[in-house]
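Visitor: Under my numbering, think of the first position of the sequence shown as 2, with each following residue one higher.
Before anything else, here's the structure in question.
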Amino acid sequence: MSYKQTTVWDVDNFEGKSFSEPGIKEAGLWIKRGEVIAFPTETVYGLGADATNDAAVEKIFEAKGRPGDNPLIVHIDDQKQLTELASSVPHLARQLADCFWPGPLTLIVPKKEAVSEKVTAGLSTVAVRMPDHPIARALIKEAEVPVAAPSANRSGRPSPTKAEHVKHDLNGRIAGIVDGGPSGYGLESTVVDCTGEKAWILRPGGITKEQLEDVLGKNQVGISGWEEENQANITTESPKAPGMKYRHYAPEAPLILLNGNKKVILNRIKQEQNKGNKVAVLAVEEHKRDLEHAADTFVSLGSINNLEYIAAQLYDNLRQADRTEADIILCETFSTKGVGLAIMNRLEKAADAYEK
Ligand code: AMP
Ligand code: MG
Numbered sequence: 002m003s004y005k006q007t008t009v010w011d012v013d014n015f016e017g018k019s020f021s022e023p024g025i026k027e028a029g030l031w032i033k034r035g036e037v038i039a040f041p042t043e044t045v046y047g048l049g050a051d052a053t054n055d056a057a058v059e060k061i062f063e064a065k066g067r068p069g070d071n072p073l074i075v076h077i078d079d080q081k082q083l084t085e086l087a088s089s090v091p092h093l094a095r096q097l098a099d100c101f102w103p104g105p106l107t108l109i110v111p112k113k114e115a116v117s118e119k120v121t122a123g124l125s126t127v128a129v130r131m132p133d134h135p136i137a138r139a140l141i142k143e144a145e146v147p148v149a150a151p152s153a154n155r156s157g158r159p160s161p162t163k164a165e166h167v168k169h170d171l172n173g174r175i176a177g178i179v180d181g182g183p184s185g186y187g188l189e190s191t192v193v194d195c196t197g198e199k200a201w202i203l204r205p206g207g208i209t210k211e212q213l214e215d216v217l218g219k220n221q222v223g224i225s226g227w228e229e230e231n232q233a234n235i236t237t238e239s240p241k242a243p244g245m246k247y248r249h250y251a252p253e254a255p256l257i258l259l260n261g262n263k264k265v266i267l268n269r270i271k272q273e274q275n276k277g278n279k280v281a282v283l284a285v286e287e288h289k290r291d292l293e294h295a296a297d298t299f300v301s302l303g304s305i306n307n308l309e310y311i312a313a314q315l316y317d318n319l320r321q322a323d324r325t326e327a328d329i330i331l332c333e334t335f336s337t338k339g340v341g342l343a344i345m346n347r348l349e350k351a352a353d354a355y356e357k
């Protein structure tokens, strides 16, 4: 499917305006009619279609080049809609929805038969989220249907945190983009499987393991594929999280993660430059003074003391490193405490190699 033109509705600073914003009304109507529309959420930009319309859902997979066995998250604007999608709502799911919705938390629950297999990739469960972004919520309301929406990037690329990222990846491939300025957290939602005895994190994200434990109790939260003695194992393929087996979030130049001090990074820069490679380095602001002069390009990830900021800027920084002449991108690694878990998860999925 290609479009002569991808319509852009500029609804920046929507907060506080009335829900009758014409751009949102029109975009909602287009979703209702079976089109795919990109829109901002508090995590990243999503690519939305009517979750009850198979042909519309198929357009999402086509536009992104997404493998059909990677299921989609269904977005709702009212907790009551959960019962329209779930055959039953486990107690765990109810507790988490009460605490964290609207917000960056996706709940996996048993699906109602009526929920399309196109959305769930044939699974017996469905992923549901209520976003906490005024534009996303208003759009779902206007569309009057649950909205299936993965991130609005070409499959494999870093997720979009600005409308310009969406344009770069999907211009001419989708009907429209609601431009509402940069998204908030910058990393995708935490995906939690609520179908078992305890909550299993299938993908770390905006809501941390620690936050989930505060609500459910310490022994009630597990991380799928996680082994305490091998913290790098967080992206291990798990049959429960079908999407995580694919390479994700990746810039075009090879990305190497370096677990080490500044000296290790400096040595690696020299080694690459000796081979004739131009090197982009992604590192924290505190390492700028020592690394900036050695690298061909230095991109500051932000201060080590503000992991939330680093998360919010990460995809933009990966794309920025990609826009340079760099033949190779080196990136330093983080501890997996708090939001560091989601940051490391995304970096590991994006990387070609992790040198420890
Ligand atoms: P994205 O839409 O790109 O943010 O990715 C959605 C993530 O949710 C992927 O990792 C999917 O594998 C995961 N997901 C969606 N639906 C399900 C489900 N029913 N069971 C398990 N994981 C799911
Ligand atoms: Mg995605």
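Note that beta-carbon positions come from the ideal geometry of N, C-alpha and C, so glycine has one too.
From a predicted model like this one, the values you see are computed outputs, not experimental measurements.
I'd like to know whether the C-beta atoms of Asp328 and Asn278 end up nearer to each other than 8 Å.
Guide: Yes.
Visitor: So, under 8 Å CB-CB, Val75 and Pro147 are touching, yes? Tell me the CB distance rounded to an integer number of Å.
Guide: 5 Å
Visitor: Gly66: buried (16+ other C-beta within 10 angstroms of its C-beta) or exposed?
Guide: exposed
Visitor: Between Ala153, Glu118, Glu333, Arg324, which has its C-alpha nearest Asn262's C-alpha?
Guide: Glu333
Visitor: By how many angstroms is the C-alpha of Met131 removed from the C-alpha of Ser88?
Guide: In this structure, the alpha-carbon of Ser88 lies about 18 Å from that of Met131.
Visitor: Between which two residues does the beta strand (DSSP E) carrying Glu349 extend?
Guide: Glu349 -> not in any beta strand (DSSP E); alpha helix (DSSP H) instead, spanning 341-351.
Visitor: For a test of your reading of the model: does the CB of Ala128 fall under 7 Å from any non-hydrogen atom of the ligand AMP? Yes or no.
Guide: yes
Visitor: When you compare only the Cα positions, how much space is there between Lys168 and Gly177?
Guide: 10 Å
Visitor: Who does Asp297 pair with in a DSSP beta bridge?
Guide: BP columns for Asp297 are empty, so no partner.
Visitor: Residues near the ligand SAH, CB to any non-hydrogen atom under 6 Å, in chain order?
Guide: The ligand SAH is not part of the structure shown, which contains the ligand AMP and the ligand MG as its ligands.
Visitor: Quick one: what does DSSP say Val280 is sitting in, helix, strand or coil?
Guide: strand
Visitor: Measuring only the C-alpha atoms, how far is Ile282 from Leu86?
Guide: Residue identity check: residue 282 is Val in the sequence provided, not Ile. Computed Cα separation, rounded: 45 Å.
Visitor: Note down, one range per segment and in chain order, each alpha helix (DSSP H) of at least 4 residues found wholly within the region 43-123.
Guide: You should have 55-65, 83-86, 92-101, 118-121.
Visitor: Measuring CB to CB, does Leu302 end up less than 8 Å from Leu267?
Guide: no
Visitor: Is there at least one non-hydrogen atom of the ligand AMP closer than 7 Å to the beta-carbon of Arg155?
Guide: no
Visitor: Sort Gln80, Tyr250, Ser156, Ile202 by Cα distance to Pro68 and report the nearest one.
Guide: Ser156
Visitor: How is the alpha helix (DSSP H) around Asp215 delimited, first residue to last?
Guide: 210-217
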